[in-house]
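Q: Add 605 to a position in the sequence shown, counting from 1, and you land on the number used in the numbering used here. Note that CB positions come from ideal geometry on N, CA and C, so glycine has one too.
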Amino acid sequence: MVGQPSTKTARQARIRNFLAAHSVRSQAELLALLKDDGLEVTQATLSRDLVEIGAVRVRDTTGQLIYAIRSEGGDRSPQTVLTQEVLDARLAKICQDHLVTAEASANIVVLRTPPGAANLLALSIDHSQLPSVLGCIAGDDTVMVITRDPAGGAEVASRFLRLAESS
Numbered sequence: 606m607v608g609q610p611s612t613k614t615a616r617q618a619r620i621r622n623f624l625a626a627h628s629v630r631s632q633a634e635l636l637a638l639l640k641d642d643g644l645e646v647t648q649a650t651l652s653r654d655l656v657e658i659g660a661v662r663v664r665d666t667t668g669q670l671i672y673a674i675r676s677e678g679g680d681r682s683p684q685t686v687l688t689q690e691v692l693d694a695r696l697a698k699i700c701q702d703h704l705v706t707a708e709a710s711a712n713i714v715v716l717r718t719p720p721g722a723a724n725l726l727a728l729s730i731d732h733s734q735l736p737s738v739l740g741c742i743a744g745d746d747t748v749m750v751i752t753r754d755p756a757g758g759a760e761v762a763s764r765f766l767r768l769a770e771s772s
């Protein structure tokens, strides 16, 4: 069971997730997505949230206007929906460039990076939406990944090592 608080921060995170996963053309469409997900908000609240999270309207590849949010890190241009292939390729590249070691214990995987690179790797893991990963926490040079399977750590650690070795 997934517990989600009904705070402004949680609501805005859900909005960001919908904008990253769907080509949303209007506030009415976003309101319907949120309602289907069990969250009812007013149009005025949604409008304020979109402003606060920095959502902008951009043209997608077909020329339609959709909502997009700015990405994290150095690239601050609005991002439209990324395919799973693109997310996986991004994770593989970051693993190739920054993963030093991967070790597992039960459902915990500890990933080591050079100093300052752990947040970048953790963000990429979060965005990749790996079904076997419940979540991760990053420090300066270490990422702790929690797997959904109580004994899934070794498999997930191996996957990260394979990503780092692929070219």
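Please report the straight-line C-alpha distance between Val-748 and Ser-733, rounded to a whole angstrom.
A: Reading the sequence shown from its first residue, position 143 is the one you call residue 748. Reading the sequence shown from its first residue, position 128 is the one you call residue 733. Approximately 15 Å between the Cα atoms of the pair.
Q: Would you give the residue range spanned by the alpha helix (DSSP H) that Ser-652 belongs to?
A: Taking the sequence shown and counting its residues from 1, one reaches residue 652 at position 47. Segment 648 to 657, the alpha helix (DSSP H) holding Ser-652.
Q: Determine, using beta-carbon pairs with one atom in the region 614 to 621 and one in the region 645 to 657, whether at least three such pairs fall under 8 Å.
A: yes
Q: On the three-state DSSP scale, how would you describe Leu-766?
A: If you number the sequence shown from 1, residue 766 lands on position 161. Leu-766 sits in a helix when the DSSP states are folded into three classes.
Q: In the DSSP output, what is Gly-740 paired with across the bridge?
A: Here residue 740 is taken as the residue at index 135 of the sequence shown, counted from 1. Its beta-bridge partners are Ile-751.
Q: Let me know the secondary structure DSSP gives Ala-723 once reduced to three states.
A: Counted from its first residue, the sequence shown places residue 723 at position 118. Ala-723: helix per DSSP, three-state reduction.
Q: Can you check DSSP and say which residues form a bridge with Thr-612?
A: Here residue 612 is taken as the residue at index 7 of the sequence shown, counted from 1. BP columns for Thr-612 are empty, so no partner.
Q: With 16 as the cutoff for other CB atoms within 10 Å, does Ala-723 come out buried or exposed?
A: Residue mapping note: residue 723 aligns to position 118 of the sequence shown, counting from 1. Buried: at least 16 other Cβ atoms inside 10 Å.
Q: Under 7 Å between the Cβ atoms of Arg-588 and Val-705?
A: Look at the range of the chain in this structure, 606 to 772, and you will see that residue 588 is not part of it.
Q: How many Å lie between Ala-709 and Tyr-672 at the Cα?
A: For the purposes of this step, residue 709 is identified with residue 104 of the sequence shown, where counting begins at 1. For the purposes of this step, residue 672 is identified with residue 67 of the sequence shown, where counting begins at 1. Answer to the nearest angstrom: the Cα atoms are 39 Å apart.
Q: Between the beta-carbon of Gly-758 and the beta-carbon of Ile-713, is there less than 7 Å?
A: The sequence position of residue 758 within the sequence shown is 153, counting from 1. The sequence position of residue 713 within the sequence shown is 108, counting from 1. Cβ atoms of Gly-758 and Ile-713: closer than 7 Å.
Q: Alpha carbon to alpha carbon, how far is Ser-631 from Arg-621? Give it in angstroms, no decimals.
A: Position 16 of the sequence shown, counted from the start, is the residue given in the question as residue 621. Position 26 of the sequence shown, counted from the start, is the residue given in the question as residue 631. In a straight line, the C-alpha of Arg-621 is about 14 Å away from that of Ser-631.
Q: Kindly indicate which three-state DSSP category Ile-629 falls into: helix, strand or coil?
A: By 1-based counting over the sequence shown, the position of residue 629 is 24. Note that residue 629 corresponds to Val in the displayed sequence, not to Ile. Coil at Val-629, not helix or strand.
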